Amino acid sequence: MNREYIGKIEDFPIHKATAINAIGQDIVVYRTNKRIYTFINVCSHEHFPLEDGEYDENTVTCIHHGAKYDLETGKVLALPATSPIKIYKNEIIEGKVYIIID
């Protein structure tokens, strides 16, 4: 398994999306009280960034057209998007966050 260090857990405030560049991609890191989500920073509908989306515990809604995604699976939960977004696995080891490279 390959992984890339993306920061310390405290670098990612709770309930705030943080855009980073990792594994050669624009990635969003979103931390909740329970976990950290890492996913591609682009809405599959019109390719707007998702970093400024509306978040709850496990979904993001694109503020531009309302497409909504499940942050665990990338699955579309609301139109107009019809394609899922790429979700990246991550792990936290001793307070350090790593993105898993498939």
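Each residue of the sequence shown is one higher than the last, beginning at -11 in our numbering.
By construction, the Cβ of each residue, glycine as well, lies at the ideal position given by its N, Cα and C atoms.
Only a predicted model underlies this, so the values are computations on that prediction, with no experimental measurement involved.
Contiguous beta strand (DSSP E) elements confined to the region 26 to 72 occur at 47 to 49, 56 to 58 and 64 to 66, taking only those with 3 or more residues. When DSSP states are grouped into helix, strand and coil, residue 79 belongs to the strand group. Residue nearest to residue 53 within the set 69, -6, 59 and 88 is 69 (criterion: CA-CA distance). In the structure shown, residue -3 adopts helical secondary structure according to DSSP, grouped into three states.
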